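A.B. asks:
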Amino acid sequence: MKIPLLCLLFVSALAAAGAAEQKVVVAMMPKAKGNAYFISCKAGADIAAKELGAELLFDGPVDTNAAKQNEIVENWITLGVDVIAVAAENKESLSTALRKAQRQGIKVIAFDSDAAPDARSFFVNQATPEGIANTLADEAARLTGGEGEIAIITATLTASNQREWLKRIEPRLAEKYPRMKVVAVRPSDDLKDRAQSEATALMSAYPDLKLIMAICTPGVPGAAEAVKQAGKAGKVKVMGLGLPNENRRYVKEGVTDCVILWNTGDLGYLTAYTAVKLVTGELKPGATSFKAGSLGEKRVVGDNVLLGEPFIFTRDNSDRFNF
Amino acid sequence: MKRPTTGAAPGWRRIVFRYETLLVVLLVIEWLVFYRFGTSTNRRGIVVGFGTMERQFDILRHSCEIGLLALALTPVILTAGIDLSVASVLGFCAVVFGRLWHDAGLPVWCAAGATLLAGAAAGGVNALFIARFRLPPLIVTLGTYSLFRGLAEALTRGAVTYTDFPVGFLFLGQERWLGLPTQAWVFLVVALFIWTLVHRRMTGRVFRVIGFSPEGARYAGLAVGRTTALAYVMAGAIAALAALIYTARLGQAKADAAVGYELFAITAVVLGGTSIFGGRGTVPGTLLGIAVIAVLKNGLAALPAVIRLNAAEESAGLLTGMLLLVALALGAAPKLLSARRPRTPLPENLPIPKSP
Chain E
1 MKIPLLCLLF VSALAAAGAA EQKVVVAMMP KAKGNAYFIS CKAGADIAAK ELGAELLFDG
61 PVDTNAAKQN EIVENWITLG VDVIAVAAEN KESLSTALRK AQRQGIKVIA FDSDAAPDAR
121 SFFVNQATPE GIANTLADEA ARLTGGEGEI AIITATLTAS NQREWLKRIE PRLAEKYPRM
181 KVVAVRPSDD LKDRAQSEAT ALMSAYPDLK LIMAICTPGV PGAAEAVKQA GKAGKVKVMG
241 LGLPNENRRY VKEGVTDCVI LWNTGDLGYL TAYTAVKLVT GELKPGATSF KAGSLGEKRV
301 VGDNVLLGEP FIFTRDNSDR FNF
Chain R
1001 MKRPTTGAAP GWRRIVFRYE TLLVVLLVIE WLVFYRFGTS TNRRGIVVGF GTMERQFDIL
1061 RHSCEIGLLA LALTPVILTA GIDLSVASVL GFCAVVFGRL WHDAGLPVWC AAGATLLAGA
1121 AAGGVNALFI ARFRLPPLIV TLGTYSLFRG LAEALTRGAV TYTDFPVGFL FLGQERWLGL
1181 PTQAWVFLVV ALFIWTLVHR RMTGRVFRVI GFSPEGARYA GLAVGRTTAL AYVMAGAIAA
1241 LAALIYTARL GQAKADAAVG YELFAITAVV LGGTSIFGGR GTVPGTLLGI AVIAVLKNGL
1301 AALPAVIRLN AAEESAGLLT GMLLLVALAL GAAPKLLSAR RPRTPLPENL PIPKSP
């Protein structure tokens, strides 16, 4: 009985002799760590961590899994990291663990998808509904020369983010580009095939259609495929919200003119920056702006740190991004 | 042939050469290694990492559900059966519980009771096919493995997540009671129940006899069908209990609850020394198997090298697999060696046994 006890004392003495780490430790969790979107976030976060002399841990579930996210946060709590930045797979289930982290004096922020407001200090908001809607409307106007018939493909007519965007796109068009007309809004159930058949139907129903705007990510390649098969590339323009990789082929072929999203590298950079500045006390709740390194001055509205205007991926720049 | 050591072995030898002792040694080594290399002081001067009390509680909380499934599987595997559907039943029960409480508006404890019944019924489906129709457990539970996960997804259309459970219910998964995480007490009660059943009751003996020879058990007049059915129904009910704990721990019920847990649970049982061919195995062995895997999983995530690589999940999977193979090899080694090289030379004039 005595020998194990002695062993225990011995190892604990050894452990206590270990040197203390002086760097700020930022623990960043994506929804899934193999996802190219989050890998490009990490690239930005790495740059920020290097600039600020912080240590960045980047871990998450292999596939989206709320239980795993929970366990990773609890792991970080007992590892005593300084700040945790999460993209929450599920608001409720993760927030319990995040509140626990806060109780232990660990700062918590969210990025990409928010946690419960009381479970984090800030949310690094990649895009406001206004920003998205205005950029979509303005780009559509630029591509059509500000006149003609356009159609919109959504995920579903009830999805909350889609409705938020639609609610802002149509007034923006009516106000700034009165000669443009939205002739149809069609759901695609967030499926590429469905978007393709909807786009085909739209083109035959409205022969004068000048542009199809898809505001869900599978919608853009779906619409592009329809336009390509109809041989109307260039005549009916395609644009919308989407990831550069799944649209690259159509963008290269000149079917899709542009896809709009945020710069994920910048999102990661801003997240890591916010995290470190929160620990060092340079960013406090209630601030209205703060200086985020090479991104410059960033606006803070309430507890949201805003990344700013969406990013437009075109034929010229999309090769720089891989997600 | 007489083996001179058995029976005459002194007490210490019987303890030292037990398989469970190997597991205890393994567990202690694991723990000390993680304590040595996984504990440090952070920049705020707080001792952090594996050596904290918080961490030990995390191990308990994170292993309860897999532990319950492993306990449920022990009698099943003793009868030479298998239940691949336990984690799917867990997912199904989590969704049933969410629906009953949230959509049907039942009080939370009524919903919990009904969920346990639903779990037992799900186990009953396995029991019906295996004990009544005498179909192979592997195939039957492979079917129910998909069936119950599919039901869970259908009930939620794959999208609904139930949250906002009352604080009183979350206590089961997130708080401590009398110094230990609440669910650890539930686990202890179930462990004690299964231990009593397997090691102190006639039923446990029947489990083993069925595992060795179901036909023999039948000829001996044992209630083979009923006892086999009991093992599967119990597995379903315990999986339902695990579903409640899982839901309370995460505060959410979703169709993907505990995906893949059945394999961890089977690993724990087999690592604990239970023969996959049935007949042999102990509940303490299963408990040790769970502990070895849980400490490994948690401890690896505290090692600086693993943290730097951000590879806790992958390395845990890798090492669990290796551990299982090594433990199986070590467990099989003495038997293989004694079979190869008999210690006492055979007597010259060995009587040839007559066939009966």
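Line order of the protein sequences matches chains E and R.
FYI, the numbering for the first sequence is 1 to 323, going by my numbering.
FYI, the numbering for the second sequence is 1001 to 1356, going by my numbering.
Here a beta-carbon is modelled for each residue, glycine too, at the ideal position from N, C-alpha and C.
These numbers come from a predicted model, not from an experiment.
List the residues of chain R whose Cβ lies closer than 8 Å to the Cβ of E/Asp118, in chain order.
C.D. replies: Along the first sequence, read from residue 1 onward, the residue named residue 118 of chain E stands at position 118. Simply none; closest approach about 14 Å.
A.B. asks: Bridge partners of E/Met213, per DSSP?
C.D. replies: Your numbering for residue 213 of chain E matches position 213 in the first sequence. Assignment of beta-bridge partners to E/Met213 by DSSP yields E/Ile152 and E/Met239.
A.B. asks: Pick from E/Ile152, E/Gly148, E/Phe38 and E/Val24: whose alpha carbon is nearest that of E/Tyr177?
C.D. replies: The residue labelled residue 177 of chain E in the question sits at position 177 within the first sequence. Nearest option by C-alpha distance: E/Gly148.
A.B. asks: Hey, does E/Thr128 have any beta-carbon neighbour from chain A nearer than 8 Å?
C.D. replies: Among the protein chains of the structure shown, namely E and R, there is no chain A.
A.B. asks: Check whether the Cβ atoms of R/Ala1127 and R/Ala1253 sit closer than 8 Å, and answer yes or no.
C.D. replies: Position 127 of the second sequence holds residue 1127 of chain R. Position 253 of the second sequence holds residue 1253 of chain R. At a Cβ-Cβ threshold of 8 Å, R/Ala1127 and R/Ala1253 do not count as neighbours.
A.B. asks: Between E/Ile260 and E/Val236, is the Cβ-Cβ spacing less than 8 Å?
C.D. replies: To locate residue 260 of chain E, count along the first sequence from 1; it is residue 260. To locate residue 236 of chain E, count along the first sequence from 1; it is residue 236. Contact: no.
A.B. asks: Would you grab the beta carbon distance between R/Cys1093 and R/Thr1115 for me? Rounded to a whole angstrom, and I think it's under 8 Å.
C.D. replies: For this step, residue 1093 of chain R is matched to residue 93 along the second sequence. For this step, residue 1115 of chain R is matched to residue 115 along the second sequence. That belief holds up - the Cβ atoms of R/Cys1093 and R/Thr1115 are roughly 5 Å apart, short of 8 Å.
A.B. asks: Over what stretch of residues does the alpha helix (DSSP H) that includes R/Phe1057 continue unbroken?
C.D. replies: Along the second sequence, one-based indexing puts residue 1057 of chain R at 57. Counting along the chain, the alpha helix (DSSP H) containing R/Phe1057 begins and ends at Met1053 to Leu1078.
A.B. asks: Taking the straight line between their C-alpha atoms, what separation do you get for R/Gly1281 and R/Ile1293?
C.D. replies: Position 281 of the second sequence holds residue 1281 of chain R. Position 293 of the second sequence holds residue 1293 of chain R. Their backbone Cα atoms lie some 18 Å apart in a straight line.
A.B. asks: According to the neighbour-count rule (16 or more other Cβ atoms, all chains shown, within 10 Å of its Cβ), is E/Asp118 buried or exposed?
C.D. replies: As a working note, residue 118 of chain E is residue 118 in the first sequence. E/Asp118 comes out exposed.
A.B. asks: So E/Ala287 is in the alpha helix (DSSP H); what residue range does that whole segment cover?
C.D. replies: By one-based count along the first sequence, residue 287 of chain E stands at place 287. Counting along the chain, E/Ala287 falls outside any alpha helix (DSSP H), and DSSP gives it neither H nor E.
A.B. asks: Among residues of its own chain, excluding the 5 on either side of E/Glu21, which ones have a beta-carbon nearer than 7 Å to its beta-carbon?
C.D. replies: Taking the first residue of the first sequence as position 1, residue 21 of chain E is located at position 21. Confidence in E/Glu21 is poor, its pLDDT being 46 and thus under 50, which makes the residue's placement unreliable; the coordinate value appears in the next sentence. The answer is none, since no qualifying residue turns up.
A.B. asks: Between E/Ser40 and chain R, is any beta-carbon pair separated by less than 8 Å?
C.D. replies: Reading the first sequence from its first residue, position 40 is the one you call residue 40 of chain E. So, not an interface residue.
A.B. asks: Sort out for me which residues DSSP pairs R/Tyr1162 with in a bridge.
C.D. replies: Walking along the second sequence from the start, residue 1162 of chain R turns up at place 162. In DSSP, R/Tyr1162 forms a bridge with R/Ala1253.
A.B. asks: Can you tell me whether R/Ile1276 is helix, strand or coil according to DSSP?
C.D. replies: Mapped onto the second sequence, residue 1276 of chain R falls at position 276. Correct three-state label for R/Ile1276: coil.
A.B. asks: Compute the Euclidean distance between the alpha carbons of R/Tyr1035 and R/Gly1081, then round it to the nearest angstrom.
C.D. replies: The residue labelled residue 1035 of chain R in the question sits at position 35 within the second sequence. The residue labelled residue 1081 of chain R in the question sits at position 81 within the second sequence. Rounded to the nearest angstrom, the two C-alpha atoms are 38 Å apart.
A.B. asks: I'd like the span of the alpha helix (DSSP H) that includes E/Leu166, first residue to last.
C.D. replies: In the first sequence, the residue the question calls residue 166 of chain E occupies position 166. Ser160 to Lys176 is the extent of the alpha helix (DSSP H) around E/Leu166.
A.B. asks: Spatial neighbours of R/Val1076 within its chain, please: C-beta separation below 8 Å, excluding the five flanking residues on both sides.
C.D. replies: Reading the second sequence from its first residue, position 76 is the one you call residue 1076 of chain R. Correct list, in chain order: Ile1082, Asp1083, Pro1137, Ala1231, Tyr1232 and Ala1235.
A.B. asks: Rounding to the nearest angstrom, what Cα-Cα distance links R/Leu1060 and E/Gly296 in this structure?
C.D. replies: Your numbering for residue 1060 of chain R matches position 60 in the second sequence. Your numbering for residue 296 of chain E matches position 296 in the first sequence. Straight-line Cα distance between these residues: approximately 46 Å.
A.B. asks: Can you tell me whether E/Glu89 is buried or exposed, with buried defined as 16 or more other CB within 10 angstroms of its CB?
C.D. replies: Counting from one through the first sequence, the residue named residue 89 of chain E turns up at place 89. Result: buried.
A.B. asks: Take E/Asp189 as the anchor and find which of E/Leu157, E/Ala110 and E/Val62 has the nearest alpha-carbon.
C.D. replies: Start at 1 with the first residue of the first sequence, and residue 189 of chain E comes out as number 189. The shortest Cα separation from E/Asp189 among E/Leu157, E/Ala110 and E/Val62 belongs to E/Leu157.
A.B. asks: Return the CA-CA distance between R/Tyr1019 and E/Leu243, expressed in angstroms with no decimal places.
C.D. replies: Counting from 1 along the second sequence, the entry for residue 1019 of chain R is found at position 19. Counting from 1 along the first sequence, the entry for residue 243 of chain E is found at position 243. Going from the Cα of R/Tyr1019 to the Cα of E/Leu243 covers about 55 Å.
A.B. asks: Just confirm the distance between the C-beta atoms of R/Glu1262 and R/Leu1069, as a whole number of angstroms; I'd bet it's less than 8 Å.
C.D. replies: Translated into positions along the second sequence, residue 1262 of chain R becomes position 262. Translated into positions along the second sequence, residue 1069 of chain R becomes position 69. About 7 Å separates the two Cβ atoms, so the contact holds.
A.B. asks: Shortest alpha-carbon distance to E/Phe311 belongs to which of E/Pro61, E/Ala292 and E/Thr128?
C.D. replies: As a first step, residue 311 of chain E is located in the first sequence; it is residue number 311 there, counting from the start. Among E/Pro61, E/Ala292 and E/Thr128, the Cα nearest to that of E/Phe311 is on E/Thr128.
A.B. asks: Could you tell me which chain E residues have their CB closer than 8 Å to the CB of R/Glu1054, listed as they occur along the chain?
C.D. replies: Position 54 of the second sequence holds residue 1054 of chain R. Residues of chain E passing the Cβ test: Ile77 and Thr78.
A.B. asks: Would you call the region 1301-1310 of chain R in contact with the region 1029-1045 of chain R, where contact means no fewer than 3 C-beta pairs closer than 8 Å?
C.D. replies: yes
A.B. asks: Quick check on DSSP: helix, strand or coil for E/Leu261?
C.D. replies: On the first sequence, residue 261 of chain E is found 261 positions in, with the first residue counted as 1. E/Leu261: strand per DSSP, three-state reduction.
A.B. asks: Would R/Asn1298 be called buried (16 or more neighbouring beta carbons within 10 Å of its own) or exposed?
C.D. replies: Your numbering for residue 1298 of chain R matches position 298 in the second sequence. Buried.
A.B. asks: I'd like to know whether the C-beta of E/Glu21 is nearer than 8 Å to at least one C-beta of chain R.
C.D. replies: Taking the first sequence and counting its residues from 1, one reaches residue 21 of chain E at position 21. The pLDDT assigned to E/Glu21 is 46, lower than 50, so where the model puts this residue is not dependable; a value taken from the coordinates is nonetheless given after this. Closer than 8 Å to some Cβ of chain R, the Cβ of E/Glu21 qualifies, so yes.
A.B. asks: At 7 Å on the CB atoms, spell out the chain E contacts of R/Asn1126, in chain order.
C.D. replies: Locating residue 1126 of chain R in the second sequence gives position 126, where the first residue counts as 1. Per Cβ cutoff of 7 Å: no residues; R/Asn1126 is ~25 Å from chain E at best.
A.B. asks: Locate the beta strand (DSSP E) running through E/Asn304, then write down its first and last residues.
C.D. replies: The count along the first sequence starts at 1 and reaches residue 304 of chain E at position 304. Where E/Asn304 is concerned, the enclosing beta strand (DSSP E) stretches over Asn304 to Leu306.
A.B. asks: Can you tell me whether E/Ala32 is helix, strand or coil according to DSSP?
C.D. replies: What you label residue 32 of chain E is simply residue 32 of the first sequence in a count that begins at 1. Of the three classes helix, strand and coil, the one that applies to E/Ala32 here is coil, per DSSP.
A.B. asks: Can you give the Cα-Cα distance for R/Arg1176 and R/Leu1117, rounded to whole angstroms?
C.D. replies: Position 176 of the second sequence, counting from 1, holds the residue named residue 1176 of chain R. Position 117 of the second sequence, counting from 1, holds the residue named residue 1117 of chain R. C-alpha separation (whole angstroms): 27 Å.
A.B. asks: Go ahead and label E/Glu130 buried or exposed: buried means 16 or more other beta carbons lie within 10 angstroms of its beta carbon, across all protein chains shown.
C.D. replies: In the first sequence, the residue the question calls residue 130 of chain E occupies position 130. Counting Cβ neighbours within 10 Å, E/Glu130 comes out exposed, since fewer than 16 surround it.
A.B. asks: Look at the Cβ atom of E/Ala133, then the Cβ atom of E/Arg172, and state whether they are nearer than 8 Å.
C.D. replies: Reading the first sequence from its first residue, position 133 is the one you call residue 133 of chain E. Reading the first sequence from its first residue, position 172 is the one you call residue 172 of chain E. Going by C-beta atoms, E/Ala133 is nearer than 8 Å to E/Arg172.
A.B. asks: Using DSSP's beta-bridge definition, name the partner residues of E/Glu309.
C.D. replies: In the first sequence, the residue the question calls residue 309 of chain E occupies position 309. Answer is none; E/Glu309 lacks a bridge partner.
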